[in-house]
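Reviewing the structure listed below.
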Amino acid sequence: MKKTVRLTKDFPIEGLPKLYGNGLSITLRDDITDKKTKRSQMILPKSTCEIIGLTPSWELFHSSLRCVFESRTMKVHKGEFPLAKVGRRDLIIMSLKKTETSSPKLGLLPPQRFENTKWVLTLETPLEGGRFQMVPIPYYLFNILLTEEQYEEYKTLPVETVFSVKLSVVK
7 MKKTVRLTKD FPIEGLPKLY GNGLSITLRD DITDKKTKRS QMILPKSTCE
57 IIGLTPSWEL FHSSLRCVFE SRTMKVHKGE FPLAKVGRRD LIIMSLKKTE
107 TSSPKLGLLP PQRFENTKWV LTLETPLEGG RFQMVPIPYY LFNILLTEEQ
157 YEEYKTLPVE TVFSVKLSVV K
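Written as structure tokens, this is what we have:
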């Protein structure tokens, strides 16, 4: 049975988009505070930016990008993930992780412990040549904060799951 999931997430736009080759590089605020995790970002061709109404202007400062992610399962032959058949606008699951943090609250009497759990899905455009190649256009990297229920649901997705994304500007 093929399982499809759909997720909608609004990412506030950070700063103005920057020119990148024949496209625009856009950094998004993603609620992930881990310093080791790369920020959510994307590089879109100028034609795509025009279609969704994303023009580099001061109006973007209080705008968000609504991303609708939808999964599908790719056909796999002989147990290999066909990276070459992944579409230019498809995203693969780079990681699905659960992070638990425990820290003391020393200012309270008696001292208490603060527990925090985060569930994060990272989707990215696959880079066929590894990390030492030119970044393709379009390029997407999304860090998505999930609920525990979403995390458990996403853990059951087949390994050959890819996501498509639809974008729109929300003011």
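Residue numbers (my numbering): 7 to 177.
Quick reminder that beta carbons are idealized off the backbone N, C-alpha and C, glycines included.
Does the pairing of the stretch 7-22 with the stretch 67-74 give three or more beta-carbon distances under 8 Å? yes
For W125, which residues does DSSP report across the bridge? K104, L152
Suppose the cutoff is 7 Å on Cβ atoms and the five residues either side in sequence are ignored; what does the same chain contact list for K161 look like? L102
Take every Cβ of the stretch 90-99, pair it with every Cβ of the stretch 112-122, and state whether three or more of those distances are shorter than 8 Å. no
Tell me, to the nearest whole angstrom, how far the beta carbon of K124 is from that of T153; I am working on the premise that it is less than 8 Å. Not a contact, Cβ separation roughly 10 Å.
Are V168 and M80 close, meaning C-beta to C-beta below 9 Å? yes
Which runs of the beta strand (DSSP E), 3 residues or longer, sit entirely within the stretch 17-42? 29-34
When DSSP builds the beta bridges, which residues end up paired with K15? C73
K52: first and last residue of the uninterrupted beta strand (DSSP E) it sits in: Not the beta strand (DSSP E): K52 falls in the alpha helix (DSSP H), residues 52-58.
Is F75 near I150, with beta carbons less than 9 Å apart? yes
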